[in-house]
Amino acid sequence: MGGLWDPLDGDIDPAQLCQALARRARQAGAEVHRHTPVTALRQLKDDTWEVETPKGTIHADVVVNACGYRVNEVGAMMGVHHPVASMEHQYFLTEEIPAIRDLAHRVPLLRCPISDYYSRQEKNGLLVGFYEQDCKTWGMDGIDPKFVNALCPDDLDRVSDVLEGAFARMPALMEVGIHTVVNGPITYTIDGAPLVGPIPGKRNAYCIIGLRAGLGEGGGHGWLLAQQIVHGEACYDTWVIDPRRFTGHANVELTALKAIEDYQNEFRFHFPHEHRPAGRPMKTTPLTPVLAAEGAEFTVVNGWERVDYIKPTPDFTETLGFRFNEVQAVVAEEVHAVQTGVGLTEVSGFNRFEITGEDAQGFLDRMFCGAVARREGRVGLGYLLNHQGMLKGEATVAHLPAGATGAARIWYGSAAASEYHDMDWLAAHVRPEEDVEIRSLTNDWTILVLAGPKARAVLAEVARGDWSAAAFPWLSAREAFVGIAPAIVMAVSFSGELAYEIHVPNAQLYAAYLALRQAGEAHGLRLFGARAVDAMRLEKGFLHWKAEILTEFDPFETGLERFVRMEKPEFVGKAALLARQAEGPRKRLVTLVVDCADRWAQPGSSVMLGERVVGTVTSGDWGHRIGRNLAMAFVDPELAATGRALEIDMLGTKYPAEVIPAGPYDPEFTRVRS
Numbered sequence: 001m002g003g004l005w006d007p008l009d010g011d012i013d014p015a016q017l018c019q020a021l022a023r024r025a026r027q028a029g030a031e032v033h034r035h036t037p038v039t040a041l042r043q044l045k046d047d048t049w050e051v052e053t054p055k056g057t058i059h060a061d062v063v064v065n066a067c068g069y070r071v072n073e074v075g076a077m078m079g080v081h082h083p084v085a086s087m088e089h090q091y092f093l094t095e096e097i098p099a100i101r102d103l104a105h106r107v108p109l110l111r112c113p114i115s116d117y118y119s120r121q122e123k124n125g126l127l128v129g130f131y132e133q134d135c136k137t138w139g140m141d142g143i144d145p146k147f148v149n150a151l152c153p154d155d156l157d158r159v160s161d162v163l164e165g166a167f168a169r170m171p172a173l174m175e176v177g178i179h180t181v182v183n184g185p186i187t188y189t190i191d192g193a194p195l196v197g198p199i200p201g202k203r204n205a206y207c208i209i210g211l212r213a214g215l216g217e218g219g220g221h222g223w224l225l226a227q228q229i230v231h232g233e234a235c236y237d238t239w240v241i242d243p244r245r246f247t248g249h250a251n252v253e254l255t256a257l258k259a260i261e262d263y264q265n266e267f268r269f270h271f272p273h274e275h276r277p278a279g280r281p282m283k284t285t286p287l288t289p290v291l292a293a294e295g296a297e298f299t300v301v302n303g304w305e306r307v308d309y310i311k312p313t314p315d316f317t318e319t320l321g322f323r324f325n326e327v328q329a330v331v332a333e334e335v336h337a338v339q340t341g342v343g344l345t346e347v348s349g350f351n352r353f354e355i356t357g358e359d360a361q362g363f364l365d366r367m368f369c370g371a372v373a374r375r376e377g378r379v380g381l382g383y384l385l386n387h388q389g390m391l392k393g394e395a396t397v398a399h400l401p402a403g404a405t406g407a408a409r410i411w412y413g414s415a416a417a418s419e420y421h422d423m424d425w426l427a428a429h430v431r432p433e434e435d436v437e438i439r440s441l442t443n444d445w446t447i448l449v450l451a452g453p454k455a456r457a458v459l460a461e462v463a464r465g466d467w468s469a470a471a472f473p474w475l476s477a478r479e480a481f482v483g484i485a486p487a488i489v490m491a492v493s494f495s496g497e498l499a500y501e502i503h504v505p506n507a508q509l510y511a512a513y514l515a516l517r518q519a520g521e522a523h524g525l526r527l528f529g530a531r532a533v534d535a536m537r538l539e540k541g542f543l544h545w546k547a548e549i550l551t552e553f554d555p556f557e558t559g560l561e562r563f564v565r566m567e568k569p570e571f572v573g574k575a576a577l578l579a580r581q582a583e584g585p586r587k588r589l590v591t592l593v594v595d596c597a598d599r600w601a602q603p604g605s606s607v608m609l610g611e612r613v614v615g616t617v618t619s620g621d622w623g624h625r626i627g628r629n630l631a632m633a634f635v636d637p638e639l640a641a642t643g644r645a646l647e648i649d650m651l652g653t654k655y656p657a658e659v660i661p662a663g664p665y666d667p668e669f670t671r672v673r674s
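Mind the numbering: the sequence shown is residues 1 to 674 in UniProt numbering, read in order.
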């Protein structure tokens, strides 16, 4: 038994809150049109909107979909589908309870994760709500236009199992009657977090939807949305609630399945590396069943099944939690294979755009704050900034052989989750006079990563040509055949070992995989997964988008000075970055070695100096090649020097941590160049 007490928890009267918001909005110049349904939305050539209503047309610079359970009726007017589903949710109000009436204080709001109910005081009785397992979606086949200020039929039989738990914990409930039963729809998204921000593929269109507790959350989320509309970005990185984190896979049926699953797990911890089963598999490659037969355990990235690690036995299971578990030894073996021999993994869903046109090179020069590879056959890593000079994105740019027209043919590659985000950002910055075409290839190609000191020997057996370090050095790209499969091969590495990214059309992916597996047998090739890659990238000081690469920090604060060319005449965010340089850094990204062997630093963990919070962890894991527990964190700039002693709060205990140089494994990059 145990509990947590929050002295700031409470409740608010919804009617009074709405009246207060409307009153203050009017005072600020807003018009509130009551009893005025929207019947149509039309976007004009200048990207402003006409909002049709029975009372006339309203011209708007920006529209915001904040329509609750009617979100997709309004979305349809804009030609978009929002991954939001509604669930019936029930609570009841009791008659007066004498024990509550006679108390000298209010009864605390109670949430019971064992019996899946919550309660709070309502006058001199209780409001008791339930999250039952036998839950029910609502509105899947359309919503009656007359369903306004309405409720669903009562169905307490559906919550009888939860009700028994509530009665057992609060016996007073068995002594009073039920005054009112309320059953109404609440909205859910695929991952339980709301959708607050730009609507994918639309200009001057935003949403604030999928809020399960809109009255409680609306103030903070509305504040963040207002900043995005006015300034183009919020003061905090809002990716966790960004509507563009879901892409084309987020259909009606998947959303409903995940909504049910989330509802059923309302009061349950979501552990690190936990990937719940509803709606899986959603996006797969031809290798997914092949790798599953090889023992692959999968994680999910933007709906894609991606290899997490290879199970040593068919019945191997992971004990989920916040400490290192039995998977650590498995990952250690995978890392060892990559470090000493050769490993192979599939990277599904990697975001990939082909950018062509006479002005493609100049366009990318303007979008990236640093140098962009110009020579055919070269690959470069670069960073995009927003108009505040903060980090917006990270991408590799590869110059491939020119197309039939002779114009530049460039591949832009970025994190799987960034697909809609990056497309919106790039498309919004193509000037009308520019000849630039951006085409997504994300769903058509998949990467096979061959990594380790023996990777070149394996590749040379299946692909004709000279693959020596002299002929095909680090950061090179060329077209080739891997066995009979056409491919684009790039000499890049996220592990810090000699490695090749082999980009293969999905139709030939299995053929390429077979060729590599057969050639790798003589070299002891071993499969590895994303868990090993993440551990290795920390040892190299490589960053993750939306872990270390955040819109809250600029490239100098993030340690990316070498990727910035301030001498360039123009790039997005340059003026703001110049101003930020004059102000000096607010934080610095550092790598820390942590004196702890049984747990890793979770993102969001506090970095401490004495009793003062001086930073926040972004990533943590065990560095198997250097044998140390590593973390990355943003800390106060005066504490970023190598050797600085700090502490990290992990599960309530502070552990010693020391700032070390970034990328402690092979800091001279000799292995990737070998």
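All residues carry an ideal CB built from backbone N, CA and C; glycine is no exception.
Item: Can you tell me the Cα-Cα spacing of Leu126 and Arg34, whole angstroms?; Value: 33 Å
Item: Quick check: Asp144 and Val181, are their CB atoms within less than 8 Å of each other?; Value: no
Item: Kindly identify the DSSP beta-bridge partner or partners of Thr189.; Value: Val84
Item: Quick check on this structure: which residue in Gln328, Met632, Met490 has the alpha carbon closest to the alpha carbon of Asp598?; Value: Gln328
Item: Does the contact criterion of 3 or more C-beta pairs under 8 Å hold for the stretch 151–168 versus the stretch 193–200?; Value: no
Item: Under the rule that 16 or more other beta-carbon atoms within 10 Å means buried, what is Cys235, buried or exposed?; Value: exposed
Item: Please classify Trp160 as buried or exposed, where buried requires at least 16 other C-beta atoms within 10 Å of its C-beta.; Value: Going by the sequence as given, residue 160 is Ser instead of Trp. Its Cβ having fewer than 16 others within 10 Å, Ser160 is exposed.
Item: Are the beta-carbon atoms belonging to Phe472 and Ala491 less than 8 Å from one another?; Value: yes
Item: Go ahead and pull the three-state DSSP assignment for Thr255.; Value: helix
Item: Find the nearest neighbour of His273 within the set Ile626, Leu291, Val301, Ile260, judged by alpha-carbon distance.; Value: Val301
Item: Pull up the DSSP beta-bridge partners for Asn351, would you.; Value: Ser414
Item: Counting pairs of beta carbons, one from the stretch 445–461 and one from the stretch 500–514, are three or more of them closer than 8 Å?; Value: yes
Item: On the three-state DSSP scale, how would you describe residue 734?; Value: A question about residue 734 goes unanswered here, because the residues of the chain that appear run from 1 up to 674.
Item: Is the shortest distance between the beta-carbon of Leu291 and the beta-carbons of chain D less than 8 Å?; Value: Although the question refers to chain D, the structure presented lacks it and comprises just one protein chain.
Item: In this structure, does DSSP put Leu509 in helix, strand or coil?; Value: helix
Item: Considering only residues of the stretch 66–124, which uninterrupted alpha helix (DSSP H) runs meet the minimum length of 4 residues and lie entirely inside it, listed in chain order?; Value: 71–78, 98–101
Item: Determine the extent of the beta strand (DSSP E) in which Tyr309 is found, giving its start and end residues.; Value: 304–310
Item: Taking buried to mean at least 16 other C-beta atoms within 10 Å of its own C-beta, is Glu297 buried or exposed?; Value: buried
Item: Put Ser674 into one of helix, strand or coil per three-state DSSP.; Value: coil
Item: Look at the Cβ atom of Thr238, then the Cβ atom of Pro83, and state whether they are nearer than 8 Å.; Value: no
Item: Please name the residue, chosen from Leu630, His81, Pro243, that lies closest to Ala417 on a Cα-to-Cα basis.; Value: Pro243
Item: Taking 8 Å as the cut-off, does the stretch 169–177 touch the stretch 23–31 (at least 3 CB pairs, one atom from each stretch)?; Value: no
Item: Excluding five sequence neighbours on each side, which residues of the same chain lie with their C-beta closer than 6 Å to the C-beta of Ala645?; Value: Glu658
Item: Closest to Pro289 by CA distance: which of Arg306, Arg276, His275, Ile484 is it?; Value: Arg306
Item: Compare the Cα-Cα distances from Leu195 to each of Asn72, Arg456, Leu527, Glu346 and report the closest residue.; Value: Asn72
Item: Just reading off the alpha helix (DSSP H) that Met423 is part of, what are its end residues?; Value: 419–428
Item: Could you check if Gln339 is buried or exposed, using at least 16 other CB atoms within 10 Å of its CB as the buried criterion?; Value: buried
Item: Does the stretch 245–253 come into contact with the stretch 206–220, if we say contact requires no fewer than three beta-carbon pairs (one atom in each stretch) closer than 8 Å?; Value: no
Item: My parser needs the alpha helix (DSSP H) runs of 4 or more residues fully inside the stretch 172–258; what are they?; Value: 214–231
Item: With a threshold of 8 Å on Cβ separation, who are the neighbours of Asp61 within its own chain once the five nearest residues in sequence on each side are excluded?; Value: Thr48, Trp49, Asn204
Item: Using CA coordinates, which residue listed in Val397, Val342, Glu326, Lys546 is at the minimum distance from Gln361?; Value: Val397
Item: For the beta strand (DSSP E) containing His399, list its first residue and its last residue.; Value: 391–400
Item: I need the straight-line Cα distance from residue 683 to Ala278, nearest angstrom please.; Value: The chain is shown only over 1 to 674; residue 683 falls outside these bounds and no answer can be derived.
Item: What are the residues that DSSP puts in a beta bridge with Val635?; Value: Arg588, Gly615
Item: In this structure, what does DSSP give as the bridge partners for Leu384?; Value: Phe368, Gly393
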